[in-house]
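Asks: This is the structure I want to talk about, given as structure tokens.
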Amino acid sequence: MWLYPLSMPMVTVEDEGIIKGTMTTTHSYTGDQRLLDASHRDLRRARAAALNIVPTSTGAAKAVALVLPSLKGKLNGIALRVPTPNVSTLQRT
1 MWLYPLSMPM VTVEDEGIIK GTMTTTHSYT GDQRLLDASH RDLRRARAAA LNIVPTSTGA
61 AKAVALVLPS LKGKLNGIAL RVPTPNVSTL QRT
């Protein structure tokens, strides 16, 4: 499960008390994005995926709250979709 490496260090920090947190995920563009500038209901995703870094939403913060329920409502997150064929990173603060 991909959340396992993230959840283990968080358990130790959770004992100290987390007030708020932010997550930034970076990953390759997805099939939902346009390859050329074109219409899309989310204007950020209307930009050419292979040429632009596109800031968008992520469900990662909600997924962490499913694994660690005490963090529900304490985490916020954004995603950056980058023009590469295969990459994924996560930054926590």
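Heads up: the sequence shown is residues 1 to 93, going by my numbering. Ideal Cβ placement from N, Cα and C applies to all residues, glycine included. This one's a predicted model, so the numbers in the text were calculated from it and none came from an experiment.
(1) If we count Cβ pairs, one from each stretch, closer than 8 Å, do we get three or more for the region 20-38 versus the region 76-84?
(2) What residues are listed by DSSP as bridge partners for L80?
(3) In chain order, what residues of the same chain have a beta carbon less than 6 Å from the beta carbon of I18, not counting five sequence neighbours either side?
(4) Can you find the residues in the same chain that come closer than 6 Å, C-beta to C-beta, to V87, ignoring five residues on each side of it along the sequence?
Replies: If we stick to the structure as given:
(1) Between the region 20-38 and the region 76-84, the count of Cβ pairs shorter than 8 Å is three or higher; the stretches touch.
(2) According to DSSP, which records beta bridges pairwise, L80 is partnered with T26, P55.
(3) K74
(4) S28
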